[in-house]
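2 protein chains.
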Amino acid sequence: MAKRDETRRKLLETALDLFKAKGFAETTMREIASKSDMALGAAYYHFESKDSMVQACYGEWQGLMEAEIPAVLKEKTFEARLVAAMRRKFDHLRPHRHLLWVIFRTAADPASPLSPFGRGTAAIRERSIGVFRAIVEGESGDPALTAHLPRLLWLYHMGLIFFWMHDESKGQRKTDALLVASARFMALALKVLRLPFAGALRRQALQLLESAA
Amino acid sequence: MAKRDETRRKLLETALDLFKAKGFAETTMREIASKSDMALGAAYYHFESKDSMVQACYGEWQGLMEAEIPAVLKEKTFEARLVAAMRRKFDHLRPHRHLLWVIFRTAADPASPLSPFGRGTAAIRERSIGVFRAIVEGESGDPALTAHLPRLLWLYHMGLIFFWMHDESKGQRKTDALLVASARFMALALKVLRLPFAGALRRQALQLLESAA
DNA sequence: GTCTATATCGGGATAGAC
DNA sequence: GTCTATCCCGATATAGAC
C-alpha cells in the first residue's frame, strides 16, 4: 500500500526535522503527530515507540552505506579500504550524530528486539558484516583466522562509532586519527601474524576468536 | 549523618528487591517509596532519578571489588591476576546481571552525567582503573606502552561485562572461556611486543593508543 | 536536614469507537 | 487507518511537620 509508506515517510521526515531542531528528548510524540497533521494515535499505529522511529532511520542509512561499497573496494589495500569505508560511514551519519545514542541505548538491553547485538536484528547485522567481508576479501593468511575477520571488524566498527559519538573534537578529528592509526596497526598485525614463527600467536588468537563465537 | 545513610540504604535495598522480582521498568518509584514506608518525595529527596538508584549500587559494587584486590594480587602472573579479578567481579555482579543494562543504557548518552564514560563518573572510573593498575604492576616492557595498559584493560573489562550481559550460556560459561582465552592472548602479545625486533609493532601500537587518548 | 502529603505536569503508550 | 479519550508513571513543586 502506497498510503502506508507515505504516511510513515511523512512522520519520519517531521520527526527528523524536530529531532534536529530541538533534540530527541525535547521532541514529543504529540508534536511529531500534530506537525504531520495526524492524531497521536495514528503515529503510534505506524511506529511502536519514539525509539523505533530512530531505528527505522538507521535501517535506511545502512542501505545507503551499502550503495557505497563498490567505490570503497576500488582502494588497493585492506588498510585503505577500511579507512575509506569508515570515512564514508561517518559522512553519512554526521547529520544524525546527536541521534545515534538512541540506537546504542537499545543496544544495551539484551531483551530488546531492536538491539544491534540481538537475534531480532540478525539479518541487518549480517548484511553489515557482509560489507567487511568484501573489504577483507583477498587478504591472505590462515583461513581459519581470516574467517573471523569480518565479524571482528564489524565489532570494531561499532566501537569506533561509539567513540565518534563521544568525540567532541572539531569535526571529530580524534576519531579520524584513531581510525587511521588502528587501520594501520591492524594491517601490520595481520602481516606479523602471517610470519612463519608467529604460530603460537596465531593459535591463541584463533582460540580467542572461537571462544567468543 | 547516620540517618541519611540508613534511609538511602533502605531505599536501595527495597529497590533492588523489587527490581529483582519484577524487573527495572516494571517497578515504579511510588512502589519503591511505599514499600520502604516512605513518601514518594522522600525517595526523590535521596535519589535524583530511578536510574541513579542503580548507579548508586554500581558505586557500592565497585567498593566491594576493591576489597578483593589483595586476594587477587596474590596470583603470580599478570594473566592469572586478570582472570581472578574478572571472575570475582562477575561473582559480585551475578545477582544483578539483569540490572546492568541500565548502566550501559546511560553509557550511550554522552550528555548523561551518569554515563560510565562521562565526566560525572570520572572519580569512580579512575578508582576502577586503579584496580587494573595494580594488576599490571611489575610487568616489564616499554614504559610508554605499559602506561596505557590500565586504561586499556578497563575498556576491555567493560567490553567483557557487556558480553557477559548478553551471554545466555549456562552460568555464562562462554564468557569465562573468552576471559581465559583473551587473558592468555594478551599475556602472549605483551611478551611478543617485548621482543627486540617488534619495534615497528610497538611504535604503531603506541601511536594507536595515543590517538585514542 | 529529613520527611510527609498532596497536587500537578508532561509525555509515552494504549483501548476502543468510528 | 485514524481519532479521541484515557491511563500510567517519572519527575517536580509546595507547604508544612519534626
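Quick mapping for you: the protein sequence lines, in order, are chains A and B. Residues 1 to 213 in our numbering are what the first sequence spells out, letter by letter. Residues 214 to 426 in our numbering are what the second sequence spells out, letter by letter. The C-beta atom is built at its ideal place from N, Cα and C for all residues, glycine as well. In this text the structure is predicted, and so the values were computed from the model without any measurement.
Which of the three DSSP states is assigned to residue i in this structure?
| i | result |
| --- | --- |
| F90/A | helix |
| F237/B | coil |
| T334/B | helix |
| A293/B | helix |
| L73/A | coil |
| H370/B | helix |
| L188/A | helix |
| E423/B | helix |
| G59/A | helix |
| H148/A | coil |
| F410/B | helix |
| M251/B | coil |
| L229/B | helix |
| P110/A | coil |
| A67/A | coil |
| E6/A | helix |
| F47/A | coil |
| E216/A | With chain A covering 1 to 213 only, the question about residue 216/A has no answer from this structure. |
| S382/B | coil |
| D355/B | coil |
| S328/B | coil |
| E31/A | helix |
Please report the Cβ distance between residue i and residue j, rounded to the nearest whole angstrom; I am assuming they are in contact, meaning their Cβ atoms lie under 8 Å.
| i | j | result |
| --- | --- | --- |
| G59/A | I124/A | 6 Å |
| L313/B | M378/B | 5 Å |
| H46/A | L11/A | 6 Å |
| E79/A | A198/A | Actually they are not in contact, since the Cβ atoms of E79/A and A198/A sit about 19 Å apart, beyond 8 Å. |
| L73/A | A134/A | 6 Å |
| V54/A | V102/A | 4 Å |
| M242/B | A252/B | In fact, because the Cβ distance is near 11 Å, the residues do not count as touching under 8 Å. |
| T175/A | L160/A | 7 Å |
| T319/B | D264/B | 6 Å |
| L403/B | H361/B | That belief does not hold up - the Cβ atoms of L403/B and H361/B are roughly 12 Å apart, past 8 Å. |
Given 8 Å as the limit, tell me if residue i has its C-beta closer than that to any heavy atom belonging to the ligand GTP.
| i | result |
| --- | --- |
| L421/B | Within the structure as shown, the ligand GTP is missing, as the structure has no ligands at all. |
For residue i, return the contacting residues in chain A, with the cut-off set at a CB-CB distance below 9 Å.
| i | result |
| --- | --- |
| V405/B | V192, A198, A200, L201 |
| A293/B | The contacting residues do not exist; A293/B stays about 16 Å from chain A at best. |
| A256/B | Within chain A, no residue comes near A256/B; the closest Cβ sits about 22 Å away, beyond 9 Å. |
| A284/B | Under the 9 Å cutoff, chain A gives no residues; its nearest Cβ is about 25 Å from A284/B. |
At 7 Å on the CB atoms, spell out the chain A contacts of residue i, in chain order.
| i | result |
| --- | --- |
| W314/B | A108, D109, P110 |
| S317/B | The question names Ser, yet the displayed sequence has Phe at residue 317/B. The contacting residues are A108. |
| L401/B | A200, L201, Q204 |
| A252/B | Result: empty, since nearest Cβ-Cβ is about 27 Å, beyond 7 Å. |
| A234/B | Neighbours of A234/B on chain A: none; closest Cβ ~16 Å, over 7 Å. |
From the options, pick the residue whose C-alpha is nearest to that of residue i; which is it?
| i | options | result |
| --- | --- | --- |
| T290/B | L225/B, S353/B, P329/B | S353/B |
| F376/B | A189/A, S211/A, A147/A | S211/A |
| A205/A | F398/B, L422/B, D250/B, E350/B | F398/B |
| P143/A | S182/A, L193/A, A111/A, R8/A | L193/A |
| Q207/A | A390/B, A255/B, K404/B | A390/B |
| E381/B | F117/A, R94/A, L93/A, D167/A | F117/A |
| L64/A | R97/A, D37/A, L93/A | L93/A |
| V136/A | D91/A, K89/A, I69/A | I69/A |
| A71/A | L16/A, R87/A, C57/A | R87/A |
| D322/B | M29/A, F90/A, E66/A, G23/A | G23/A |
| H370/B | A396/B, L229/B, G351/B | A396/B |
| E13/A | K35/A, S112/A, E126/A, A2/A | K35/A |
| A85/A | H96/A, A67/A, R97/A, P95/A | A67/A |
| D91/A | W61/A, A107/A, T146/A, R105/A | W61/A |
| R97/A | I32/A, L153/A, L16/A, T28/A | L16/A |
| L153/A | R173/A, G171/A, E126/A, Q172/A | E126/A |
| P95/A | T27/A, C57/A, T106/A, S52/A | C57/A |
| R173/A | A394/B, A413/B, A426/B | A426/B |
| A324/B | A25/A, R203/A, P113/A, A200/A | A25/A |
| M48/A | G138/A, L114/A, K191/A | What sits at residue 48/A in the sequence shown is Glu, not Met. Ranking the options by Cα distance to E48/A, first place goes to L114/A. |
| T7/A | A33/A, K20/A, A21/A, R203/A | A33/A |
| A413/B | A181/A, K3/A, P196/A | A181/A |
Note down, in chain order, every chain B residue with its Cβ under 9 Å from the Cβ of residue i.
| i | result |
| --- | --- |
| Q62/A | By Cβ distance, chain B contributes nothing, its closest Cβ being about 18 Å from Q62/A, past 9 Å. |
| R184/A | Q417, Q420, L421 |
Which residues in chain B sit within 7 Å of residue i, going by Cβ to Cβ distance?
| i | result |
| --- | --- |
| F117/A | H379 |
| L178/A | S424, A425 |
Applying a beta-carbon distance threshold of less than 8 Å, which residues of chain B neighbour residue i?
| i | result |
| --- | --- |
| A147/A | The premise fails here: A147/A is roughly 17 Å from chain B at the closest Cβ pair, so nothing lies under 8 Å. |
| A122/A | Within chain B, no residue comes near A122/A; the closest Cβ sits about 13 Å away, beyond 8 Å. |
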